Amino acid sequence: MTLRPSNAPGADSHVATPRGTDPADTSTSPNADAPAPAAQTAGDLAPGPRRRLFRGRRRAGLMIGLALVVALVIAGATVPINKVIQAPGPTWNVLADASDGADEDLLTVTGTETFETSGALRMTTVSVSGCPGYPVTFFMLVDAWLSSDKTILERDQVCPESLTAEQVEEVNQAQMTSSQDAAVVAALMETGAATRMTLTVEGTVDEQAGSGLEVGDVLESITTADGATTTITSYPQLRELMTTIAPATPLTLRVNRDGAAVDVELTTIAPQDADGDGEPDSEGSLLGLSLSARADSDVDATFSLSDVGGPSAGTIFALGIIDEITPGDLTGGKDIAGTGTISIDGTVGAIGGIKQKMAGAHKDGSDYFLAPAANCNEVVGSVPDGLEVYAVETLHEAVEAVEAIAAEDTSELMTCEAVLGAG
0 MTLRPSNAPG ADSHVATPRG TDPADTSTSP NADAPAPAAQ TAGDLAPGPR
50 RRLFRGRRRA GLMIGLALVV ALVIAGATVP INKVIQAPGP TWNVLADASD
100 GADEDLLTVT GTETFETSGA LRMTTVSVSG CPGYPVTFFM LVDAWLSSDK
150 TILERDQVCP ESLTAEQVEE VNQAQMTSSQ DAAVVAALME TGAATRMTLT
200 VEGTVDEQAG SGLEVGDVLE SITTADGATT TITSYPQLRE LMTTIAPATP
250 LTLRVNRDGA AVDVELTTIA PQDADGDGEP DSEGSLLGLS LSARADSDVD
300 ATFSLSDVGG PSAGTIFALG IIDEITPGDL TGGKDIAGTG TISIDGTVGA
350 IGGIKQKMAG AHKDGSDYFL APAANCNEVV GSVPDGLEVY AVETLHEAVE
400 AVEAIAAEDT SELMTCEAVL GAG
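Taking numbering that gives the first Met the number 0, the leading residue of the sequence shown gets 0, the next gets one more, and so forth.
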């Protein structure tokens, strides 16, 4: 809308005429006591150079203001800002298959009998803007500030500038693959479909560089200086054993190298003090090895998901495998979502973006949500209305929670309020 200037004072008014004077008579006499000629009144002055200059300046000012507004709008919509925005992402039911209308089976289990499932076990995701290839603008930040379901973070908390888009994608995919592998091992050990793990050397720390261990060696046993030998059957068992052995203790490791038994001597090292409080992060000592684990079983599971990365779906992956390979209906037909990393010993770990994941689960129809107990401080106060959230620390607790939800008896399940209260 353009503002039109009002008329100058008196432009539309009539000039009063003195009593007894003929309005049509424009003659004057030198001694006449008459008003000033009408041409000298302000209302009848013709527009002059000063008025035209004023109008020109005002028009120029409006044009400059409009140009600035346009420039600000363009900048707000296009100039990237060094922030990351987390928003609710899509969810996937890992129990869905092609017969349910999915494009393909999300979870495929081979090597054992599988059983019918129902309901939903939803892995949840976070939509992230601000990493390479997905810039954040000022207007996007304003929208995030106004949204209760979005969170603004510093970019370095999610994807440091030192990483390219390809490197970020590689990291995310590697985490997803590792999560799936750990979920298979944890699920098979939880159900008893496997009772033993195969631990394979993937690398060593610098202190053990000259130990003689090679990538691909399979750890079979550990012998202490007093001759006591322990056969290694799982990672939890190995970890428990190492808590009883002091740092700088000489050990003999027997490994399987290409089918042959090989003995390797090494000395244990002290655990790190990552938080700098002067106390080691764990008891006992460490071997100083990078180990991968595989359940000693013919059962295998694969997940067909694209454009999804990160480790946070591990717990739901493991629950999906358990539902597939055990008789009965684990969910009881309920729609249950959740999140949490999973380790091969079944520990459920903390994740990022839980507020957005709960919002996404509720939006997609879930009535229940399993959250890592380590995330409870972020859960309380952020739960969508109508969503029931229960805290879990292990895969075993997660199985029990799903079974309780299926039975519609959740009175004994742990809530995040109870977790924080106990702490």
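Glycine included, each C-beta is placed from N, C-alpha and C at the ideal position. The structure presented is a predicted model; accordingly, all values stated were derived computationally and were not measured.
Runs of alpha helix (DSSP H) with 4 or more residues, each lying fully within the region 326-401, are found at 353-362, 375-378, listed in chain order.
Counting C-beta pairs with one atom in each stretch, the region 307-320 and the region 105-120 have three or more that are closer than 8 Å, which means they touch. Secondary structure at E282: coil, using DSSP grouped into helix, strand and coil. For F302, the pairing in a beta bridge is given by DSSP as L106. Distance between D262 and A181, taken at the CA atoms: about 28 Å. Sequence-distant partners of G332 (beyond 5 residues in either direction) whose C-beta falls short of 6 Å from its own C-beta, in its chain, are S117, G118. With a cutoff of 8 Å on beta-carbon distance, V157 and E323 are scored as not near each other. Separation of E411 and Q236 (C-alpha to C-alpha, rounded to the nearest whole angstrom) is 30 Å. T242 is classed as exposed because its beta carbon has fewer than 16 other beta carbons within 10 Å across all chains shown. Taking a cut-off of 8 Å on C-beta distances, the region 197-210 touches the region 254-268, as three or more cross pairs fall below it.
Under the 8 Å Cβ criterion, the region 84-95 counts as touching the region 357-374, having at least three qualifying pairs. In the same chain as T190, and ignoring 5 residues on each side of it, the C-beta atoms closer than 7 Å to its own belong to I321, I324, T325, in chain order. Within the DSSP secondary-structure output, V83 pairs in a beta bridge with L152. For D142, the enclosing alpha helix (DSSP H) covers residues 137-145. The DSSP-derived three-state label of P235 is helix. Separation of P131 and G110 (C-alpha to C-alpha, rounded to the nearest whole angstrom) is 40 Å.
Under the Cβ criterion (8 Å, minimum of three pairs), the region 167-187 counts as touching the region 305-315.
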